[in-house]
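Undergrad:
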Amino acid sequence: MDIAAFLHVLWLARMPILKGVGVTISISALAIVVGTLVGVGVGLVLTYGKGPLRWLVRGYTDFIRGTPVLVLVLASYYVLGTVGVDLGPFEAGVFALAVFCSSHVGEIVRGALQSIPRGQTEAAKAIGLTFPQTFAYVLGPQALRQMLPAWVNTAAEMVKASTLLSIIGVGELLLRTQELISRTFMSLEFYLFAGLLYFVINYGIERFGRYIERKTSVPS
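Sequential numbering of the sequence shown, starting at 1, is according to full-length UniProt numbering.
As structure tokens, then:
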């Protein structure tokens, strides 16, 4: 491995790599935010929903969780177009990852809410709190502390899953890396460098999760 030659090529290719990192971060962030918001709703329905709505959401969750991310990506890009929903590669990638994220977050929310003693919900009702108030002031803060470790893992999985979007032409980090390798034949060097960048992104997510965990912890 010629380090000097690699660093020279890396400097010349800095803009494509930076653009790839930017696309990876953008797609991952959008998928995590949208997936988390939808997942909270899914988790609430799984925990408190009644009848057909709960069965429908349970079917959605089980189906998505049992489907490979690659299949979701290809379906979002190719299948939706056949029914009149034309999404570009970027939008299709965000949609697929957000759907996958929502199913996992939904189960995380369900598990966290069901672990809270039922007596706390009953006590909130006794003092006249509505369900939204109960969730905002009683259930939500407690569930958040339990959800954080699993949510951080899910967020990191979204970053790793974003590498699959290269198959539909999204110019994220892996695709940019493969394009550089095809021109320079420095496969080992660029793959190691890409792995380092993915580690930095996921490490940032992990540190953010730790920060939120400290802010929401209950002093002993």
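All residues carry an ideal CB built from backbone N, CA and C; glycine is no exception.
Roughly how many angstroms separate the alpha carbons of V159 and G106, rounded to a whole number?
TA: For this step, residue 159 is matched to residue 159 along the sequence shown. For this step, residue 106 is matched to residue 106 along the sequence shown. V159 and G106: Cα-Cα distance of roughly 19 Å.
Undergrad: Using 7 Å as the threshold, is the C-beta distance between A150 and L97 below it?
TA: Residue mapping note: residue 150 aligns to position 150 of the sequence shown, counting from 1. Residue mapping note: residue 97 aligns to position 97 of the sequence shown, counting from 1. Their beta carbons are not under 7 Å apart, which means A150 does not touch L97 by this criterion.
Undergrad: Assign V85 to one of three DSSP states: helix, strand, or coil.
TA: Counting from one through the sequence shown, the residue named residue 85 turns up at place 85. Of the three classes helix, strand and coil, the one that applies to V85 here is coil, per DSSP.
Undergrad: State the DSSP-derived secondary structure class of P117, mapped to helix, strand or coil.
TA: Mapped onto the sequence shown, residue 117 falls at position 117. Three-state result, P117: coil.
Undergrad: Should H8 be labelled buried (16 or more other beta-carbon atoms within 10 Å of its own) or exposed?
TA: Within the sequence shown, numbered from 1, the residue matching residue 8 stands at position 8. Exposed: under 16 other Cβ atoms inside 10 Å.
Undergrad: Is the stretch 103 to 121 touching the stretch 170 to 180, taking contact as three or more C-beta pairs under 8 Å?
TA: No, the stretch 103 to 121 does not touch the stretch 170 to 180.
Undergrad: Taking buried to mean at least 16 other C-beta atoms within 10 Å of its own C-beta, is M186 buried or exposed?
TA: Numbered from its first residue, the sequence shown carries residue 186 at position 186. When all chains shown are included, M186 counts as buried.
Undergrad: Going along the chain, which residues of its own chain have a beta-carbon closer than 7 Å to the beta-carbon of V45, five neighbours each way excluded?
TA: Looking up residue 45 in the sequence shown gives position 45. Closer than 7 Å at Cβ, skipping near neighbours: L53, R54, V57.
Undergrad: Is K50 a contact residue of the ligand NAP, with contact defined as CB to any heavy atom under 6 Å?
TA: Among the ligands in the structure shown, none appear at all, so the ligand NAP cannot be discussed.
Undergrad: Taking the Cβ atom as the reference point for each residue, do Q120 and V94 lie within a distance shorter than 7 Å?
TA: Along the sequence shown, read from residue 1 onward, the residue named residue 120 stands at position 120. Along the sequence shown, read from residue 1 onward, the residue named residue 94 stands at position 94. No, Cβ-Cβ distance for Q120 and V94 is not below 7 Å.
Undergrad: Assess contact between the stretch 80 to 92 and the stretch 114 to 130, defined as three or more Cβ pairs (one per stretch) separated by less than 8 Å. Is contact present?
TA: Counting Cβ pairs under 8 Å, fewer than three are found: no touch.
Undergrad: Give, in chain order, every unbroken run of the alpha helix (DSSP H) that is at least 4 residues long and sits entirely within the stretch 1 to 63.
TA: Runs of the alpha helix (DSSP H) inside the stretch 1 to 63: 3 to 12, 14 to 48.
Undergrad: Please report how far the alpha carbon of G81 lies from the alpha carbon of L87, in whole angstroms.
TA: Residue mapping note: residue 81 aligns to position 81 of the sequence shown, counting from 1. Residue mapping note: residue 87 aligns to position 87 of the sequence shown, counting from 1. Going from the Cα of G81 to the Cα of L87 covers about 7 Å.
Undergrad: Quick one: is E189 buried, meaning 16 or more other Cβ sit within 10 Å of its Cβ, or exposed?
TA: To locate residue 189, count along the sequence shown from 1; it is residue 189. Looking at its Cβ environment, which holds 16 or more other Cβ atoms inside 10 Å, E189 is buried.
Undergrad: Hey, would you say G209 sits closer than 7 Å to V152, going by beta carbons?
TA: Residue numbering aside, residue 209 sits at position 209 when the sequence shown is read from its first letter. Residue numbering aside, residue 152 sits at position 152 when the sequence shown is read from its first letter. Contact flag set, yes.
Undergrad: Which of the three DSSP states is assigned to P141 in this structure?
TA: Start at 1 with the first residue of the sequence shown, and residue 141 comes out as number 141. Helix at P141.
Undergrad: Mind checking whether L148 and E213 have CB atoms under 7 Å apart?
TA: As a position in the sequence shown, residue 148 is number 148, starting the count at 1. As a position in the sequence shown, residue 213 is number 213, starting the count at 1. Yes, the Cβ-Cβ distance between L148 and E213 is below 7 Å.
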